[in-house]
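Protein chains in written order, with my numbering: chain W, 58 to 308; chain P, 277 to 579.
Just so it is clear, CB atoms sit at the ideal spot from N, CA and C, and this is done for glycine as well.
Since the model is a prediction, treat every value here as computed from it, not as a measurement.
Take a look at the structure below.
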Amino acid sequence: MTRAPALTTSALVSGYDRDLPIIRGVDLKVSEGEFVVLLGPNGAGKSTLVKTIAGLVPVHSGSVALRGEDITAAPAHWKVRHGLAFVPQTENIFGTLTIHENLQIAANILPKDGRAGRIAAQYAMFPDLGLRPGQRAGALSGGQRQMLAVARALVVQPSVLILDEPSAGLSPKIVGEVFQRLKAINSTGVTIVLVEQNVRAALAVADRAIILVEGKVAHEGEAATLAGDPIVAELYLGARHSAATPVVSAP
Amino acid sequence: MTAQILIDGLIAGSMIGLGAIGVTLTYSILRFANFAHGDMISWGAYFAYAASALLGLASTSLTTPIAPFSFGWSLPLATVVAVVLTAALALLVDAVLFGPLRARRSAVIILVMASFGAALTLRSLLEFIFTAQPAYFTDELQIAIRLGGGMRATPDQLLTLALAVVVVTAVHLMLTRTAIGRSMRAVSENPQLSGVVGIDVRSVVRIVWVLGAALACVAGVMAGLLVQIRPQMGLDLLLPLFAAAILGGIGSVPGAMIAGLIVGLAEAVAVQTIGAEWRASVAFLILVAILILRPQGLFGRAA
């Protein structure tokens, strides 16, 4: 089954400092409607890769395309207006604004008559948020913050949703809930790229996994296959604690 | 102490408050102390002065005072023109000076020093064009009205007080109730996340310059009407402006206005009780005290 590409990068090199690329030549292909998880050890460049795609880290060379359109040089605010929503790992909501204002800000790029409906749709999906829309977002719990951050990204009905470790700092029960929500969102046709440390939980919901090591793609494959792959199990799933440099082959 | 201190203080305070709103907005969104803001006040006053003079040449009926005030229709019309010109000047300074520095991710101290340079340049230009001689919007004399309780104020003074209240209320409603206001608060909290949620941060920055310059211009016209127009007028207001912006809490519009009134009242008390030569030291004392005792200001959020 071949599906149209939703998000691609080719020979992407990026990093905050020109002399110090963190992403060193990544070719990424994510198809429409796919649920892809980005795995890898700490410092592999997972966050930098998704921040580059979202327009927050300077691209040194290579390109990024959204549904075939080159968006390498586009600013962050342009990308979200064209269907690419990003949920950063930390500071992903406006704490001084209310829950409702956070959603209003996101909805602002939609046509006027569609805004209220999209915000109402988020309250329907995340009923906790709808209980106290006038509450300052800074007062929310960790799990509620992540829900608000995801809701905020979904307001604009993105075609591609990128999340940077939404499970960070959450209890296992809440993590399971967040991932089930993501699976449900994915089933409505939204392409999802998820950066995760929580490997087992991520592989359980994703279609495909990409393993990043030292700024390059080291391994990729079907999530179900990778979950049972002894090399991956050893290196990333904690089957055996090993600090050795990963030696992995293409699938 | 007399009740008149209250009127003097409120009038001086409303001008300080309007200027301080501009300082607090640029500080919270552009993240640097803009020392050229005082000179936007002077330029606003001179733009209005020049526009008013030109309107007076075009039609003498425009300079006939509107009773009970000391000025004719030329001044309100000229103020509208001056607001537009002052905003354009602020955008120009940002385009040639602050914008390129931001693009280069310059340190805050560089932006602050650049604003010092801009302040000196803008002030010298005013002296060059208009000389250092004081100028006046009108030659009409005004008789103060008795307000009861031993307080007196001229109609011009009462008008500026009312205008300050209207302008501050409008800015506060804009920030809290409109999409532009929400975007400004969002950029002030987290510029990077603002981009991610679809806010064009550069256009918000332009709106902040326009708004700050417009308020500075109104403050300049008020000061010019009630006192006189001088190239140094903005410089003299700079310390009280910063004292008010910090006392009110950076980013808080009502805070800046209330703190402006507090600084104005404190100055008026000092003038009455200690002597006029100590006026300027009051703002300085307030600034030092607030930085030591409550750095986040009255309405600011703790860092």
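Legend entry - Sufficient close CB pairs (3 or more, under 8 Å) joining the stretch 339-356 of chain P to the stretch 517-532 of chain P: no
Inset, instruction - Note down, in chain order, each residue of its chain lying with its Cβ closer than 7 Å to the Cβ of P:Leu437, except the 5 sequence neighbours on either side. - result: On the second sequence, position 161 is the one that residue 437 of chain P refers to. Around P:Leu437: Leu286, Ile287, Ser290.
Legend entry - Nearest-angstrom Cβ-Cβ length linking P:Gly474 and W:Arg175, presumed shorter than 8 Å: As a first step, residue 474 of chain P is located in the second sequence; it is residue number 198 there, counting from the start. As a first step, residue 175 of chain W is located in the first sequence; it is residue number 118 there, counting from the start. That belief does not hold up - the Cβ atoms of P:Gly474 and W:Arg175 are roughly 13 Å apart, past 8 Å.
Legend entry - Complete alpha helix (DSSP H) runs within the stretch 193-231 of chain W (minimum length 4 residues, chain order): Along the length of the stretch 193-231 of chain W, whole alpha helix (DSSP H) runs at least 4 residues long occupy 199-211, reported in chain order.
Legend entry - Three-state secondary structure (DSSP) of W:Leu251: The residue labelled residue 251 of chain W in the question sits at position 194 within the first sequence. In the structure shown, W:Leu251 sits in a strand (DSSP, three-state: E or B).
Inset, instruction - Identify which residue in W:Gln161, W:Lys230, W:Asp76, W:Pro78 has its Cα closest to the Cα of W:Arg172. - result: Your numbering for residue 172 of chain W matches position 115 in the first sequence. Out of W:Gln161, W:Lys230, W:Asp76, W:Pro78, W:Gln161 has the C-alpha closest to the C-alpha of W:Arg172.
Inset, instruction - Using a Cβ-Cβ cut-off of less than 9 Å, list which residues of the stretch 454-466 of chain P approach chain W; keep chain order. - result: Ala455, Arg458, Ser459, Arg461, Ala462, Ser464, Glu465, Asn466
Inset, instruction - Could you have a look at W:Gly82 and say whether DSSP puts it in helix, strand or coil? - result: The count along the first sequence starts at 1 and reaches residue 82 of chain W at position 25. Reduced to three states, the DSSP call for W:Gly82 is strand.
Legend entry - Buried or exposed by the 16-neighbour rule on C-beta atoms within 10 Å, applied to P:Glu416: For the purposes of this step, residue 416 of chain P is taken as residue 140 along the second sequence, with counting starting at 1. By the 10 Å Cβ count, P:Glu416 comes out exposed.
Legend entry - Interface partners of W:Gln192 on chain P, CB under 9 Å: Looking up residue 192 of chain W in the first sequence gives position 135. Under the 9 Å cutoff, chain P gives no residues; its nearest Cβ is about 16 Å from W:Gln192.
Legend entry - Beta-carbon proximity check, W:Asn243 vs W:Phe143, cutoff 7 Å: In the first sequence, the residue the question calls residue 243 of chain W occupies position 186. In the first sequence, the residue the question calls residue 143 of chain W occupies position 86. Going by C-beta atoms, W:Asn243 is not nearer than 7 Å to W:Phe143.
Inset, instruction - Please confirm if W:Ala163 has its CB atom under 7 Å from at least one CB of chain P. - result: Position 106 of the first sequence, counted from the start, is the residue given in the question as residue 163 of chain W. Cβ-Cβ to chain P under 7 Å: yes for W:Ala163.
Inset, instruction - Decide if the stretch 125-135 of chain W is in contact with the stretch 459-479 of chain P; the criterion is three or more beta carbon pairs, one per stretch, under 8 Å apart. - result: yes
Inset, instruction - Report the neighbours of W:Pro132 on chain P: residues whose CB is nearer than 9 Å to its CB, in chain order. - result: Residue 132 of chain W sits at position 75 when you count from the first residue of the first sequence. Simply Gly471, Asp476, Val477, Arg478.
Inset, instruction - Determine whether the Cβ of W:Val137 lies closer than 7 Å to any Cβ atom of chain P. - result: Here residue 137 of chain W corresponds to residue number 80 of the first sequence, with the count starting at 1. So yes, W:Val137 belongs to the interface.
Inset, instruction - Give every residue of the same chain whose Cβ lies closer than 6 Å to the Cβ of P:Asp315, excluding the five residues on either side of it in the sequence, and list them in chain order. - result: The count along the second sequence starts at 1 and reaches residue 315 of chain P at position 39. The residues Ala395, Leu398, Arg399, Gly510, in chain order, have a CB closer than 6 Å to that of P:Asp315 in the same chain once the five nearest residues on each side in sequence are set aside.
Legend entry - Residue from P:Ala343, P:Leu569, P:Ser318 whose Cα sits closest to the Cα of P:Thr407: Mapped onto the second sequence, residue 407 of chain P falls at position 131. It is P:Ser318.
Inset, instruction - Would you mind sorting P:Ile342 into buried or exposed? The rule is 16 or more other CB atoms within 10 Å of its CB. - result: On the second sequence, position 66 is the one that residue 342 of chain P refers to. Label assigned to P:Ile342: exposed.
Legend entry - Simplified DSSP state of W:Asp185, which is helix, strand or coil: Numbered from its first residue, the first sequence carries residue 185 of chain W at position 128. Three-state result, W:Asp185: helix.
Inset, instruction - State the Cα-Cα distance for the pair P:Ile534 and P:Gly293, rounded to the nearest angstrom. - result: Here residue 534 of chain P is taken as the residue at index 258 of the second sequence, counted from 1. Here residue 293 of chain P is taken as the residue at index 17 of the second sequence, counted from 1. Approximately 7 Å, taken between the alpha carbons.
Legend entry - Simplified DSSP assignment, three categories, for P:Leu435: Your numbering for residue 435 of chain P matches position 159 in the second sequence. Note: P:Leu435 maps to helix in three-state DSSP.
Legend entry - Contact check, W:Leu64 vs W:Val217, beta carbons under 7 Å: Translated into positions along the first sequence, residue 64 of chain W becomes position 7. Translated into positions along the first sequence, residue 217 of chain W becomes position 160. Yes; because the gap between Cβ atoms is below 7 Å, this pair is in contact.
Inset, instruction - Spell out the partners DSSP gives W:Leu95 in its beta bridges. - result: As a first step, residue 95 of chain W must be located in the first sequence, where it is residue number 38. Per DSSP, the beta-bridge partners of W:Leu95 are W:Val252, W:Ile267.
Legend entry - Cβ distance (whole Å) where P:Val497 is taken to contact P:Ala358 below 8 Å: If you number the second sequence from 1, residue 497 of chain P lands on position 221. If you number the second sequence from 1, residue 358 of chain P lands on position 82. The Cβ separation is near 7 Å, so the contact holds.
Legend entry - Contact check, P:Leu353 vs P:Leu331, beta carbons under 7 Å: If you number the second sequence from 1, residue 353 of chain P lands on position 77. If you number the second sequence from 1, residue 331 of chain P lands on position 55. Contact flag set, yes.
Inset, instruction - Taking C-beta pairs closer than 9 Å, name the residues in chain P that W:Val213 reaches, listed in chain order. - result: To locate residue 213 of chain W, count along the first sequence from 1; it is residue 156. Going along chain P in sequence order, the residues near W:Val213 (Cβ under 9 Å) are Val473, Gly474.
Legend entry - Alpha-carbon to alpha-carbon, P:Leu306 and P:Val481: If you number the second sequence from 1, residue 481 of chain P lands on position 205. If you number the second sequence from 1, residue 306 of chain P lands on position 30. Computed Cα separation, rounded: 7 Å.
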